[in-house]
Amino acid sequence: MHILLIDDHALFRSGMSAALTALGEDIAMSEAGSIDAASTIIESSHKNIDLVLLDYELPDGDGIGLLKHITRQYPDMPVAMLSAFEDTKLMKLALEAGALGYIPKRTSTSVILSAIQLILSGGTYIPPKLLPSMNIFNNRTTSQAEQGSEHFTQRQQEVLKLIINGLANKEIAWQLNISESTVKVHVSAILKIKGMHSRKQLIASAA
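Quick note on numbering: the sequence shown equals residues 55 to 261 in our numbering.
Put into structure tokens, the structure is as follows:
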């Protein structure tokens, strides 16, 4: 999977990139230290980015503004907000703006990797300490569920198309230049969103 890490501290970026790459067998990292640099990367590579990890404090603006831009221009691109603070107000702002997770920077890299996998499988990561304040999020997810709409990321749409065409996970991985384990994460997310339990059901529903 391809992760774009946006943070103005070069030491944090390099450390986080190295740690996630070491933990995840198929993780490729891109880095940006400002909104301007991130916007350039996103504009040129948005079809290949599986997840954005976005810091709140950036030298040329705040992360919420960039988050809103990404969710408006690239609604299929998952974004998780990073912050040095376990701040309920900031977390709610991020979730309302479209973030699919709020990850304090003090979180261990193994937990961050688990949070990434959760987000890519269709979930939302909330720090345990902030869970009691999540009534606003529960209301938002209820509203989305009532709409009954299926929302897939760009990558999930690509995987779904190849599943319907009868390709196995290994073949999909080769076609999309990603690992088989990443394909499995996307397949699980697609099944969850569709409310189905097998690839056969996916194929039959498209017939």
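Quick reminder that beta carbons are idealized off the backbone N, C-alpha and C, glycines included. For clarity, every value in this text was computed on a predicted model and none was experimentally measured.
- Judged by their CB atoms, Leu105 and Pro129 are not nearer to each other than the 9 Å cut-off.
- Between Leu108 and Met135, the CB-CB gap stays under 9 Å.
- Between Thr178 and Gly152 a beta carbon distance of about 11 Å is seen, past the 8 Å cut, so the two are scored as non-contacting.
- When secondary structure is reduced to three states using DSSP, Pro158 falls in the strand class.
- Taken in chain order, the whole alpha helix (DSSP H) runs of length 4 or more contained in the region 227-257 are 234-248.
- Burial of His240 is indicated by the presence of at least 16 other C-beta atoms within 10 angstroms of its C-beta.
- Counting along the chain, Leu59 sits inside the beta strand (DSSP E) bounded by residues His56 to Ile60.
- Between Leu74 and Ile166, the gap from beta carbon to beta carbon is short of 9 Å.
- Under the criterion of beta carbons closer than 8 Å, Leu58 and Ile103 qualify as touching, at roughly 5 Å.
- In the structure shown, the three-state DSSP call for Met135 is strand.
- A distance below 9 Å separates the beta carbons of Gly117 and Ile60.
- When DSSP reads this structure, Met83 sits in a beta bridge with Ile57.
- Pairing Ser233 with Val213, the inter-Cα distance amounts to about 12 Å.
- The three-state reading of DSSP puts Leu107 in strand, counting E and B together.
- Contact annotation: Ser71 and Met83 have beta-carbon atoms nearer than 9 Å.
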